[in-house]
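Participant:
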Amino acid sequence: MAKLILSMDGLVLKEIPLVKERTTIGRKPHNDIQIDNLAVSGEHAVIVTIMNDSFLEDLGSTNGTMVNGNTVKKHFLQGNDIIELGKYKLKYIAEAGQPVGASAADFEKTMVLRPSTMKSAAEQARAMTSLPSADGTQPRSKAEIAEAARAASAQQVASTATSAGTASKPEPAAAPAPPQAPKPAQPLGAIQILSGGNAGKELELTKPLTTLGKPGMQVAVLTRRPQGYFITHVEGAQHPTVNGQSIGSAPHSLKDHDVIEIAGVKMEFFVKS
Amino acid sequence: MDLSQVLEIASSTDPGMVRSHNEDAVASDAACGIAVLADGMGGYNAGEVASGMATTVITTELARMLGTVRPYDIDPQTDRPMAERMLREQIMNANASIYQASQSQPQYAGMGTTLVTCLFYDNRVMVAHLGDSRLYRLRGEEFEQLTRDHSLLQEQIDSGLLTAEQAKTAQHKNLVTRALGIDLGIEPEIREYSCKAGDIYLLCSDGLCDMVSDEDIGMALQALGANLNLAAQQLVQMANDNGGRDNVSVILVRVLREYPAARGVMAKFLAWLK
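As given, the protein sequences belong to chains A and B, one line each in that order. Start counting the first sequence at 1; every next residue gets the next number (the numbering used here). Start counting the second sequence at 1001; every next residue gets the next number (the numbering used here).
1) Using a Cβ-Cβ cut-off of 8 Å, state whether residue 71 of chain A counts as contacting chain B.
2) Assuming residue 218 of chain A is part of the alpha helix (DSSP H), what are its boundary residues?
3) Should residue 1030 of chain B and residue 1007 of chain B be called a contact, given that it needs their Cβ atoms to be closer than 8 Å?
4) Find the residues of chain B that neighbour residue 23 of chain A, judging by a C-beta separation of less than 9 Å, and give them in chain order.
5) Rounded to whole angstroms, what's the CA-CA distance from residue 67 of chain A to residue 88 of chain A? Just pull it up for me.
6) Which of the residues in the region 1114-1139 of chain B, read from start to end, lie with their CB under 9 Å from any CB of chain A?
7) At 3 residues or longer, and completely inside the region 1191-1253 of chain B: list those beta strand (DSSP E) runs for me, N to C.
8) How close, in whole Å, do the beta carbons of residue 1181 of chain B and residue 1050 of chain B come, if the pair is a contact with beta carbons under 8 Å?
9) Taking DSSP as the reference, what is the three-state secondary structure of residue 1057 of chain B?
10) What are the boundary residues of the beta strand (DSSP E) that includes residue 70 of chain A?
11) State yes or no: is the beta carbon of residue 1060 of chain B nearer than 8 Å to at least one beta carbon in chain A?
12) If contact means a Cβ-Cβ distance below 8 Å, which residues of the region 39-60 of chain A contact chain B?
13) Please list the terminal residues of the continuous beta strand (DSSP E) segment that includes residue 1038 of chain B.
14) Taking the continuous alpha helix (DSSP H) assigned at residue 1094 of chain B, which residues delimit it?
15) What do you get for residue 62 of chain A, buried or exposed, if any count of 16 or more other CB atoms within 10 angstroms of its CB means buried?
16) So, is the C-beta of residue 1053 of chain B closer than 8 Å to a C-beta in chain A?
17) Would residue 1129 of chain B be called buried (16 or more neighbouring beta carbons within 10 Å of its own) or exposed?
18) Work out the CA separation of residue 234 of chain A and residue 1260 of chain B for me, nearest whole Å.
19) Where residue 1091 of chain B and residue 232 of chain A are concerned, what is the direct C-alpha to C-alpha distance, given to the nearest angstrom?
20) Does residue 63 of chain A come within less than 8 Å of chain B when only Cβ atoms are used?
21) So who's on the other strand from residue 88 of chain A, going by DSSP bridges?
22) Taking 7 Å as the cut-off, is the beta-carbon of residue 94 of chain A closer than that to any non-hydrogen atom of the ligand PLP?
23) For the region 259-266 of chain A against the region 192-211 of chain A, do three or more pairs of beta-carbon atoms, one drawn from each stretch, fall closer than 8 Å, so that the two count as touching?
24) Starting from residue 1182 of chain B, follow its DSSP beta bridges and name the residues at the other end.
25) Roughly how many angstroms lie between the CA atoms of residue 1257 of chain B and residue 92 of chain A, to the nearest whole one?
26) Of the choices B/1112, B/1064 and B/1057, whose alpha-carbon is the least far from that of residue 1043 of chain B?
27) So the beta strand (DSSP E) residue 194 of chain A belongs to, where does it begin and stop?
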């Protein structure tokens, strides 16, 4: 479960788990997080939590809300964001482990929200956006949309889970990892042209794929993969050669100082740094 | 009209690096101008059953209908081309079959599938989709997404709750708001686009677009467009190299030349001469 750590001048005051879908922050006592300081407005801000995502929204406070040094009206909270209200700081800690009964695989698996109830939530949301905001409290209605959407989704997930029975059971093999794992650092490759008009020129292979050759005549592609660089034939009757050997149509792994020939041009592959 | 000389189709499907089995299904018929991709969901093998039923029913039934119905004729009831009605009817058929199977057999309870279907005819393509399987088009330098996901995330983007940037880091990417086989009443989104010679269409499951950025997908298609089979394999490989957290499936369709429907007697005669 995500949580907030309230601190002032580096002193940790409190740890607040984000259990509710709306966690209000303000000076007045009815707030979920009360900060009794004159720099904080009575109703200062709210954090709307939709499943695992939390959104911070300023409720038109006098002194504003900052996240990581920037004033925000609305912000999609990311792990370790620092929310500042006057002298107080709230650090947002994203959910570390998955809640009991739900693993990472649960969030990867495609699940359906039934259209009927989803539509009612969407209509509700639309009705809210179309409401003329007489007092200019636009953000508030947005927060309510979030609430409506969240309510619908929570209900739906629950109902799919029960009606589907074992349908959304996680596969044990799945290990929790960020969806877009950062690519591991890999050595950078480059090619140097050895013959023809461009002899001596060097080309760094920074992109996931680089095509070489003459379109319509002979083209090969160099792909950058976690395992290293590969060369593959794309088009043309002639296939490229590596160290004098034709590579056929299957991908061929490149080693440092391999000499490639494509469309009559020789070039050397080498690993930089 | 036989489109096998007009359309070049390549497809690839892979379980990915994490999942033990593949719940995606792909089917295509170049002669009839049909491409169907489905991403199934449901426990055990129910996901495969749902996506397999969807692709099989839609491909075979559409092909059968094309024998008697001309897709470019205007449907008097709706004033839209017959292609739209054909797609809707066959999607409804597939939906009913999946729904009935899930109701009658406990092991298939709750199964469903997303869907993206293309029907090429008369220099046009009719596209129907449900859920988060997508259609992209590469035209010249321009690579764009033609379908819009039916997902909670997309609705949040539309309502201004999230920006497209923020959506990339959101955790609930997997919640779709429309799917085949969940309910009897479904609403496929059906749109028509005109085709140009040289266009490349990409149908893909979320296993590709969640793992590989649109920019990289576009670049791969531009670089490898000359060899569609290689491009399809390359896209799957890129998703797997980035982690392959889900099943990855792609269908690539290249329009080799224009294909106006032969309407009059003369046009038919000319078409026969070719």
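Using N, Cα and C, we set each Cβ at its ideal position, and we do this for glycine too.
Facilitator: With the structure as the only source:
1) Chain B, which has no Cβ nearer than 8 Å to the Cβ of residue 71 of chain A, makes this no.
2) Run containing residue 218 of chain A: none in the alpha helix (DSSP H); it sits in the beta strand (DSSP E), 218-225.
3) With contacts defined by Cβ atoms closer than 8 Å, residue 1030 of chain B and residue 1007 of chain B form a contacting pair.
4) What residue 23 of chain A touches in chain B: nothing, since even the nearest Cβ is about 17 Å away.
5) If you take the alpha carbons of residue 67 of chain A and residue 88 of chain A, they lie about 12 Å apart.
6) Per Cβ criterion, the list reads 1114, 1131 and 1132.
7) For the region 1191-1253 of chain B, the full-length beta strand (DSSP E) segments reaching 3 residues or more read 1200-1204 along the chain.
8) Between the beta-carbon of residue 1181 of chain B and that of residue 1050 of chain B there is about 5 Å, and that keeps the pair under the 8 Å contact cut.
9) In the three-state DSSP reduction, residue 1057 of chain B falls in the helix class (H, G or I).
10) First-last of the beta strand (DSSP E) with residue 70 of chain A: 70-72.
11) With 8 Å as the cut-off, residue 1060 of chain B does not count as an interface residue toward chain A.
12) Cβ contacts with chain B: 50, 51, 52, 53 and 55.
13) That run of the beta strand (DSSP E) goes 1034-1041.
14) From DSSP, the alpha helix (DSSP H) with residue 1094 of chain B extends over 1082-1104.
15) By the 10 Å Cβ count, residue 62 of chain A comes out exposed.
16) It does not: the Cβ of residue 1053 of chain B has no partner Cβ on chain A nearer than 8 Å.
17) If you draw a 10 Å sphere on the C-beta of residue 1129 of chain B, you find 16 or more other C-beta atoms in it, and that means buried.
18) Residue 1260 of chain B and residue 234 of chain A: Cα-Cα distance of roughly 30 Å.
19) Taking C-alpha positions only, residue 1091 of chain B is separated from residue 232 of chain A by approximately 39 Å.
20) Under the Cβ distance rule, residue 63 of chain A does not count among the residues neighbouring chain B, no pair being separated by less than 8 Å.
21) Looking at the DSSP assignment, residue 88 of chain A forms a beta bridge with A/8 and A/85.
22) As for the ligand PLP, it is missing from this structure, which has no ligand bound.
23) Between the region 259-266 of chain A and the region 192-211 of chain A, the count of C-beta pairs closer than 8 Å reaches three or more; the two stretches touch.
24) Note: residue 1182 of chain B sits in no beta bridge, so no partner.
25) Looking at the two C-alpha atoms, the distance is approximately 56 Å.
26) Taking only the C-alpha atoms, the option nearest residue 1043 of chain B is B/1112.
27) Counting along the chain, residue 194 of chain A falls outside any beta strand (DSSP E), and DSSP gives it neither H nor E.
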